[in-house]
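Structure first, commentary second.
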Amino acid sequence: MRKGLNLIQWCPGCGDFLILGAIRKALQELEIPKEDIVIVSGVGCSGKISQYIDGYAAETLHGRAIPFAIGVKLANPKTHVICIGWDGDGYGIGLWHFLHACRRNNPITYLVLDNENYALTTGQASSTTPLSAKTRTTTSGNTTPPFNPVELAKSAGCQFSREATDSNIAELKELIKEAILFDWFAHINIKQKCPSWKRW
Ligand SMILES: Cc1ncc(C[n+]2csc(CCOP(=O)(O)OP(=O)(O)O)c2C)c(N)n1
Ligand code: SF4
Ligand SMILES: [Mg+2]
């Protein structure tokens, strides 16, 4: 795929810019040859993020990035497969893939950009929207309790599941490096700024 032809079209102030920077820097510091990197993304505002990172890229379907990523890893176990998802993508429509990957301990890195809403489709409530938050689908305040992705992952058997934020990029970069070097399924839930829709 020819890269660099797709301009980034995220809103000003979006946390995706910082997270992209942290992923790029982590890979650079680990000195992994780009031929050994496969970035697999699902669908969300930054679904094209796989095209902005040096390495092979696959932009897959909403909620279906994990099975695709596992397939890549099975076909070529030497590659570092980094799967990128979002709260609606990975904790909503694709939730069961996440839980089974935790249970099976498939050796991929799974980064979830959690802005606590369905941003690309204009700000509906997701599985991580806090109680009382007003969204396009919870106009009087959310009454459905969110789940905690890290606790959920651990309860499904995940041995590496951490919480991070786009407010501390140095820490996030180090955590991403740790996750990539972990031999089995490694999950990071990254709390992400979304100034356009997340107003809580
Ligand atoms: C199978 C399927 N269902 C629904 C959609 C529509 N859709 C596109 S993005 C999206 C939600 C995105 O929310 P999230 O995954 O949290 O990513 P964000 O945009 O917040 O970064 C939905 C429902 C789709 N693309 N494919
Ligand atoms: S809607 Fe939110 S997540 Fe999407 S690009 Fe804008 S700020 Fe980023
Ligand atoms: Mg989201």
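For the sequence shown, this note's numbering gives the first residue as 1067, with consecutive numbering after it.
Each residue gets a CB set at the ideal place from its N, CA and C atoms; glycine is no exception.
Values in this document were obtained by computation on a predicted structure and should not be read as measured data.
query: For the candidate residues TRP1263, ILE1254, GLU1240 and SER1262, whose alpha-carbon lies nearest to that of GLU1095?
result: For the options TRP1263, ILE1254, GLU1240 and SER1262, the alpha carbon positioned closest to that of GLU1095 is the one of GLU1240.
(Q) Short of 6 Å in beta carbon distance, which residues of its chain neighbour HIS1163, apart from the five on each side in sequence? Order them along the chain. (A) Answer for HIS1163: ILE1132 and PRO1133, listed in chain order.
Determine the closest residue to GLN1258 out of GLN1225, THR1231 and LEU1238, with distance taken between C-alpha atoms.
The shortest C-alpha to C-alpha distance from GLN1258 to any of GLN1225, THR1231 and LEU1238 is the one to THR1231.
Query raised in the report: Since ILE1256 contacts LEU1177 with CB under 8 Å, what's their CB separation in whole angstroms?
Result: ILE1256 to LEU1177, Cβ: 6 Å. Contact.
>> Less than 8 Å between the C-beta atoms of ARG1130 and GLY1156, yes or no?
In response: It is not a contact, given that the beta carbons lie outside the stated cut-off.
- Task: Return helix, strand or coil for GLU1125, following the three-state DSSP convention.
- Result: Strand.
For this session: Could you tell me which residues DSSP pairs with ASN1255 in its beta bridges?
Result: For ASN1255, the beta-bridge partners assigned by DSSP are VAL1178 and GLU1229.
| In whole angstroms, what is the alpha-carbon distance linking TYR1184 and SER1192? | If I take the Cα positions, the gap works out to 6 Å.
Quick one: Cα of GLY1137 to Cα of ASN1171, how far?
Whole-angstrom Cα-Cα distance: 14 Å.
- [ ] Could you tell me which residues DSSP puts in a beta bridge with TYR1184?
- [x] According to DSSP, which records beta bridges pairwise, TYR1184 is partnered with GLN1190.
Can you say whether LEU1140 is buried or exposed, counting buried as having 16 or more other CB atoms within 10 angstroms of its CB?
-> Exposed.
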